[in-house]
Each structure stands twice: as structure tokens, then as C-alpha cells.
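Visitor: Right, I'll just put the structure down here and ask away after.
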Amino acid sequence: MVRGLVFDLDGVLVHTDELHYRAWKALAGRLGLPFTREQGDRCRGVSRMGSLEILLEGSNRSYTEREKLRMAEEKNDCYRAQLQELTPGDVPERTAETLRELRRRGYRLGLASSSKNAGVILTRTGLDALLDRVVDGNQITRSKPDPEVFLRAAQLLELPPEDCAGVDDALAGVESARTAGMIAAAIGPAALAGAGDWNLECLARLLDLCPPLEGGRDL
Ligand code: B16
430 MVRGLVFDLD GVLVHTDELH YRAWKALAGR LGLPFTREQG DRCRGVSRMG SLEILLEGSN
490 RSYTEREKLR MAEEKNDCYR AQLQELTPGD VPERTAETLR ELRRRGYRLG LASSSKNAGV
550 ILTRTGLDAL LDRVVDGNQI TRSKPDPEVF LRAAQLLELP PEDCAGVDDA LAGVESARTA
610 GMIAAAIGPA ALAGAGDWNL ECLARLLDLC PPLEGGRDL
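Numbering (this note's numbering), first residue to last: 430 to 648.
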């Protein structure tokens, strides 16, 4: 029985996926490389350095580790500058209402994000007040599709992973939740690909799949 829901952040609770795309696109432009939407989609749920490798696929020269770190830093500076503009208005009202209703129904809510910038996003949007536990890229050693981030979130929620559903828009994230032993709930591109055990048209669909729990919340 599902008692906990563990959400990915970028592209699921807030559309920072578009900001990642713009920041990578700007770096690619400066380097004279292409960066397509398809490459952007493949970066979903993938670590910063892993995403850089996807961008550099279009290059016919090799770069030193030092050069790569500098590029990743350049992208991150550009991304973080955009994050400063985020407000609670960037979380769709229906998303915030779905989270509130799930909590009213007794579910424990966690975050499982690969991003090292999750903290600033949660604070600026007010999402931190709607989640019980948070695991982000600063607390894990292996990025999705490794299950570490979802396993750690279940542990912090004090629930067995089998009692959780992991909600992600990336193929890597869906695999991560499934390997952790959770119900893999896909949304966005991953749902369109039919990758999940649940393929959600929108987050509010969770309200049809997660009825009120007996006993309410004990967190
Ligand atoms: P950062 P998620 C992931 O977050 C993003 O989907 C992915 O595009 C990004 O490269 C990764 O975080 C690392 O982000 O550079 O901010 O540390 O989808 O797992 O919430």
C-alpha cells in the first residue's frame, strides 16, 4: 500500500528543466556547438557533469577535466542567475494544491532530486513547506538512474521503499525509483514514453490513485 510519495524536482514540481536547457544552450552557443531539445531531454535527472558530456557529444575535440569543470561552472552560474528570479508563482497552483491534499490524506511527501541547487529552488518557491523530507544532489554519491536518491528519501520518510511511489519525468529517474523498489510513476516525457508503472497526464492524477489513508499523518 502506498503511504509515501517521493518527487523529483526539476520538471515535476517546478519547470526549472527549461532553465537548465537555456543555460546549457547558452554554453553550447559560446562553444560553437549545437544543443538540441532532444539533448536537453536526455539531461533530465542526469548529473551536471553527465549533462556536460551530452552537450560535448557534438564536439570533435577533447577537453581536459579542468576545462570541463570550468564549463560546468559557467553553466551553473548562468542557471543560478535565473533561479534568483523564481517566486512561489512558479509552482503551478494545481501542483501546490495536489501536494497539500496528499498531505491532508495522510501521505508522507519527500523529494529525490539530483540537483545541488535544490535548496535554493525549494526556498524561493515555498515548496520546502509542502515536503516532509528532502534529498538532493549534495547528499548522494551516485546520480540517477542509480536508486540511491530514492532509497535515501524512503529512509528519511521512515517507510519501506515498497510503500512509496517515486514520481519522475526522466527515464533515468523512473529507472531509479523502480530499482529502489518503489512504484515508478512517470510524468511528462517519461509518461509519454510509457516508462512508468503509472503514467500520469498531470500531477493531480495522483489524487485518483492515492485515496485517503486511515489514521492520517504521524510525521
Ligand atoms: P544541478 P532532478 C536534475 O534534477 C536535473 O533534471 C538535471 O537536468 C540536472 O543536470 C541535475 O539535476 C543536476 O542539477 O546542476 O543543479 O546540480 O530532475 O533530479 O530534480
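For each residue, glycine too, the CB sits at the ideal point set by N, CA and C. Just so we're clear, the structure is a prediction, and the values are computed from it rather than from any experiment.
Taking only the alpha-carbon atoms, compute the straight-line gap between V564 and G595 and give it to the nearest angstrom.
Guide: Taking the sequence shown and counting its residues from 1, the one referred to as residue 564 is at position 135. Taking the sequence shown and counting its residues from 1, the one referred to as residue 595 is at position 166. Approximately 13 Å, taken between the alpha carbons.
Visitor: Given a threshold of 16 other Cβ atoms within 10 Å of its Cβ, counted over all protein chains shown, does R477 qualify as buried or as exposed?
Guide: Indexing the sequence shown from 1 puts residue 477 at position 48. Buried: at least 16 other Cβ atoms inside 10 Å.
Visitor: Are L600 and A613 close, meaning C-beta to C-beta below 7 Å?
Guide: Here residue 600 refers to the residue found at position 171 of the sequence shown. Here residue 613 refers to the residue found at position 184 of the sequence shown. No; because the gap between Cβ atoms is not below 7 Å, this pair is not in contact.
Visitor: Based on the DSSP output, what are the partners of I612 in its beta bridges?
Guide: Here the question's residue 612 lines up with position 183 in the sequence shown. Answer is A594, bridged to I612.
Visitor: To the nearest angstrom, report how far apart L531 and P574 are at their CA atoms.
Guide: Taking the first residue of the sequence shown as 1, we reach residue 531 at position 102. Taking the first residue of the sequence shown as 1, we reach residue 574 at position 145. L531 and P574: Cα-Cα distance of roughly 26 Å.
Visitor: Tell me, which residues are paired with G539 by DSSP?
Guide: For the purposes of this step, residue 539 is identified with residue 110 of the sequence shown, where counting begins at 1. In DSSP, G539 forms a bridge with V435 and R562.
Visitor: Less than 7 Å between the C-beta atoms of M414 and P590, yes or no?
Guide: Residue numbering for the chain in the displayed model covers 430 to 648; residue 414 lies beyond these limits and cannot be assessed.
Visitor: Can H444 be considered in contact with the ligand B16, in the sense that its beta carbon sits closer than 6 Å to one or more heavy atoms?
Guide: Taking the first residue of the sequence shown as position 1, residue 444 is located at position 15. It does not: the Cβ of H444 is nowhere closer than 6 Å to a heavy atom of the ligand B16.
Visitor: Since I believe G644 is in contact with G535 (beta carbons under 8 Å), could you give me their beta-carbon distance rounded to a whole number of angstroms?
Guide: For this step, residue 535 is matched to residue 106 along the sequence shown. For this step, residue 644 is matched to residue 215 along the sequence shown. Correct: roughly 7 Å between the Cβ atoms.
Visitor: Using the three-state DSSP reduction, which class does L588 fall into: helix, strand or coil?
Guide: For the purposes of this step, residue 588 is taken as residue 159 along the sequence shown, with counting starting at 1. DSSP places L588 in coil when its eight states are reduced to three.
Visitor: According to DSSP, simplified to helix, strand and coil, what is N546?
Guide: For the purposes of this step, residue 546 is taken as the residue at position 117 of the sequence shown. Three-state result, N546: coil.
Visitor: Pairing CB atoms from the region 507 to 525 with CB atoms from the region 447 to 460, are three or more of them under 8 Å?
Guide: yes
Visitor: Please confirm whether any heavy atom of the ligand B16 lies closer than 6 Å to the CB of K454.
Guide: Position 25 of the sequence shown, counted from the start, is the residue given in the question as residue 454. No, the Cβ of K454 stays beyond 6 Å of every heavy atom of the ligand B16.
Visitor: Secondary structure at N628, three-state DSSP: helix, strand or coil?
Guide: Start at 1 with the first residue of the sequence shown, and residue 628 comes out as number 199. Of the three classes helix, strand and coil, the one that applies to N628 here is strand, per DSSP.
Visitor: Using a Cβ-Cβ cutoff of less than 6 Å, which residues in the same chain neighbour P576 once the five nearest sequence positions on both sides are dropped?
Guide: Translated into the one-based positions of the sequence shown, residue 576 becomes position 147. Answer for P576: S605, T608 and A609, listed in chain order.
Visitor: Given a cut-off of 7 Å, decide if L442 and T570 are closer than it, judged by their beta-carbon atoms.
Guide: For the purposes of this step, residue 570 is taken as the residue at position 141 of the sequence shown. For the purposes of this step, residue 442 is taken as the residue at position 13 of the sequence shown. No, they are not a contact pair.
Visitor: Please report the straight-line C-alpha distance between A558 and P517, rounded to a whole angstrom.
Guide: Translated into the one-based positions of the sequence shown, residue 558 becomes position 129. Translated into the one-based positions of the sequence shown, residue 517 becomes position 88. Distance between the alpha carbons of A558 and P517 is about 11 Å.
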